[in-house]
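Accompanying notes for the structure given below.
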C-alpha cells in the first residue's frame, strides 16, 4: 500500500515538471516573437515620426519659414531620435540616427536664422496680415492638398508644354481617392491646355489588368506605347498625385508630372511639387463669450466706488465697448492687410519694428482714443467720464475687445486651449491695470496734480508694454511679463509720491535758505519787498476771514461764487489771490483738494457789451479751453459743452441748481443780468 502511494506521488511530480517545462518554453517563444513584433513596431513608429517631421518642414517653407511649424518638426524628429536606441539592427540604427541628426541640425539652423522674422514675432501675424494660405475651415484637407500639388506641378512646367500644346495627360491616383480625381481634372483644364484622359476613355482599349498596372511607378513602356497609339499621339503627360503624410489635421500630398515619348523641346521630363492644407480648430467662436466679462467687471467697479458721488456705470457699458473694439480692430487689420507688408522683414530692422509698433498701436491706443472721442459726444455718458469707475470700465472694455480678437485668431490657428491659456491671465492683469489707471486719471481730472498725470502716463506705458508681450502669444513669457507689470502697477504710485515728497522737501528747504539770505541782506530784502509787497488787510480783516470761513465751512455741494467789488487800483486782484490761497490752505488742512478759479467782471463803459457769463468764461477758460476773444454766443455754447466734458455740471447740479448754472441760464447776452448771490465782499 505504501509503495503504491509513493509510485503515484512520483508520477504526479513528473507530470508537474513536464507542465512547467512547457510553460517556460511557451513563455520563451512568446517573448522571442514579441521582441520581433516590438522591434517592427519601433521601426514603424520611427518612420512615422520622421515623416511627420518632414511634413512640418515643408509646411514651414510654405509659410515663409514660420517658427511654429519648425518647432513642431523638431519635436517629431527628436521623439524619433529617442526611439532609435531600441532598434536591434546595428546597421539600421546607425543609418536612422544619421538621418535624424542631419534633419534636426537643419531644422535648428532654420529656426535660428528666421527667429527674428516679422511673421515669427507672433504666431498670429499671418492671420493679422491676411497672409495665411494653408488653413482651411472645412474638413477637406486631402482634396485641397491634392489640388494644390497638381496646380504647383503645372506651374513649374514650361509654358511651351503646358500652355501651347494639347498633350494627352494621364491622371493617376490610388483607388481610395477616386473621388478626388475629377477635381484634379478641373485643375488641369483650368490651368493648362493639357487634355486629362478619363478612366472610362482608357477602359475602351485597356483591359482590367492593364488598368490596374497604371498604378505601378514607373508604368511599363509597352503599356504607355499602347495608350499613345490608341490616342493617336507619340507623346504623353503623366500626372501622378498621391498622399505622403497626415498629422494633426495637416495633409501633405506630392505631385509628379512626367513627360513621356517624342518631346521635341529640350526640357526637363520630370517635375515634383508638394501641396499642403491644414484644418483649423472648429470651435473658435466660444472665445467670444469672454467679452461677457464686462458685466461682472462693471458690478465690481460700481461696488468699489459705491461711495463716489455721481451716477454709477451702466452694466452694459463694458460689453458694448468690448464689441465695438472687437469690430474696430477687425476692420483696422483688414485695412492693414491691403498694404504691401513684407512679413519676411526682420524685426531687428526699422521696417519690421515699425510694423510691430503699428500693430500694437491698433490693438492698444487707437480703439481707446476712438471710443473716448465717440463717447464724449453722448451727453448722458460723457458726463460720467471724469469718474474713476467710468474710466476704468472704458479701459477694460476696450482691451477685452482687442485681446479677444487676438484670442479668436489664436483659437483658429493654435486651438481653443492655447487661446484661453493666454487670454485668462491677460484679463486678470488687465482687470488690475484698468482700475489703477482709471483711479489715477480721475484724480488728475479732479485735482490737476502733476503726480497724478505722471502716474497715469506710466501706467499707460505699462499697459502698452504688456500688450507687446500678449501679442507674442508665449505662455511662459506672459507669466514673467505679468509679474513685472503687477509689480510696476502697484509700486508706480508710491514711487511717484515718494519722489514728489522729496522734491517738495528740497524745495522748501531751498526756500527757507533763500529767505534767511534775504533777511540778512538789506538791499535784496528791499528789492523783494517792492516786487512782492506785503498784503495789508488790517482794516477789513474780519470781512476777509468771514469770506474764507463762509466758503470753507459751507456744507452745500454746489460751486461757491465770491464777488469782490472795489474801486480802480484798490487791490481787488491781490485780495482775490490771498483769499484763494487761504481757502486752499484751509482745505489742505482738512486733507481735501480745492480748486479756485479767478475771473474779472467787465463793467459796461463807452457802449461796451456786458455778458453775465464773462467772468466765468475767463475763470474756466484755461481749464476747459475757451478762447478769450471769441464771439460771446460761441463762448456761452463752449462753456456749456465744456462743463459737461469736465464733469463740473454734475458737481454743480448734485443737490440743485448752483450759482454758476443759474448765471448760465440767463439769455440776456446783450443787456447783461446779475442774479442775487449772497457771497459778496466790498473793498
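Residue numbers (my numbering): -6 to 676. All C-beta atoms, glycine included, are put in the ideal place defined by N, C-alpha and C.
Tell whether a beta-carbon distance below 7 angstroms holds between residue i and residue j.
| i | j | result |
| --- | --- | --- |
| residue 402 | residue 117 | yes |
| residue 112 | residue 327 | no |
| residue 274 | residue 409 | yes |
| residue 147 | residue 185 | yes |
| residue 246 | residue 150 | no |
| residue 485 | residue 448 | yes |
| residue 389 | residue 435 | no |
| residue 496 | residue 431 | no |
| residue 240 | residue 48 | yes |
| residue 450 | residue 429 | no |
| residue 93 | residue 74 | yes |
| residue 414 | residue 468 | yes |
| residue 227 | residue 255 | yes |
| residue 347 | residue 115 | no |
| residue 360 | residue 310 | no |
| residue 162 | residue 189 | yes |
| residue 266 | residue 248 | yes |
| residue 544 | residue 576 | yes |
| residue 166 | residue 187 | no |
| residue 404 | residue 243 | no |
| residue 55 | residue 269 | yes |
| residue 164 | residue 177 | yes |
| residue 416 | residue 478 | no |
| residue 96 | residue 60 | no |
| residue 589 | residue 564 | no |
| residue 481 | residue 455 | yes |
| residue 586 | residue 440 | yes |
| residue 231 | residue 251 | yes |
| residue 689 | residue 489 | Because the chain in this structure spans residues -6 to 676, residue 689 falls outside the shown range and cannot be described. |
| residue 103 | residue 63 | yes |
| residue 295 | residue 306 | yes |
Which residues does DSSP pair with residue i in a beta bridge?
| i | result |
| --- | --- |
| residue 482 | None; residue 482 has no bridge partner. |
| residue 101 | The partner list for residue 101 (beta bridge, DSSP) is empty, contrary to what the question assumes. |
| residue 110 | 339 |
| residue 233 | 165 and 249 |
| residue 124 | None; residue 124 has no bridge partner. |
| residue 134 | Bridge partners of residue 134: none, in fact. |
| residue 129 | 272 |
| residue 228 | 254 |
Could you pull the start and end residues of the beta strand (DSSP E) that residue i belongs to?
| i | result |
| --- | --- |
| residue 189 | 188 to 190 |
| residue 162 | 161 to 165 |
| residue 558 | 556 to 558 |
Which residue marks the beginning of the alpha helix (DSSP H) containing residue i, and which one marks its end?
| i | result |
| --- | --- |
| residue 585 | Taken as a continuous stretch (DSSP letters only), residue 585 belongs to no alpha helix (DSSP H), as it is neither H nor E. |
| residue 460 | 443 to 465 |
| residue 174 | 171 to 184 |
| residue 155 | 152 to 155 |
| residue 406 | 381 to 406 |
| residue 677 | The structure shown does not extend to residue 677, since the chain spans only -6 to 676, so no value can be given for it. |
| residue 410 | 409 to 440 |
| residue 62 | 60 to 76 |
| residue 205 | 201 to 206 |
Next item on the list: Inspect the CB distances between the region 205 to 225 and the region 140 to 151 and report whether three or more fall short of 8 angstroms.
Entry: Here the region 205 to 225 makes no contact with the region 140 to 151; the two share fewer than three CB pairs at distances below 8 angstroms.
Next item on the list: Answer yes if the region 300 to 320 comes into contact with the region 379 to 397, meaning at least three C-beta pairs across the two stretches below 8 angstroms, and no otherwise.
Entry: yes
Checklist line | Ordered list of alpha helix (DSSP H) runs contained in the region 235 to 310, each at least 4 residues | finding: 287 to 297
Notebook entry, point to check: On the three-pair Cβ rule with 8 angstroms, is the region 349 to 358 touching the region 449 to 462?
Noted result: yes
Next item on the list: Evaluate contact between the region 164 to 182 and the region 286 to 306, counting only Cβ atoms and requiring at least three cross-stretch pairs below 8 angstroms.
Entry: no
Margin query: If contact is defined by three or more beta carbon pairs under 8 angstroms, each pair taking one atom from either stretch, is the region 268 to 282 in contact with the region 71 to 87?
Written below: no
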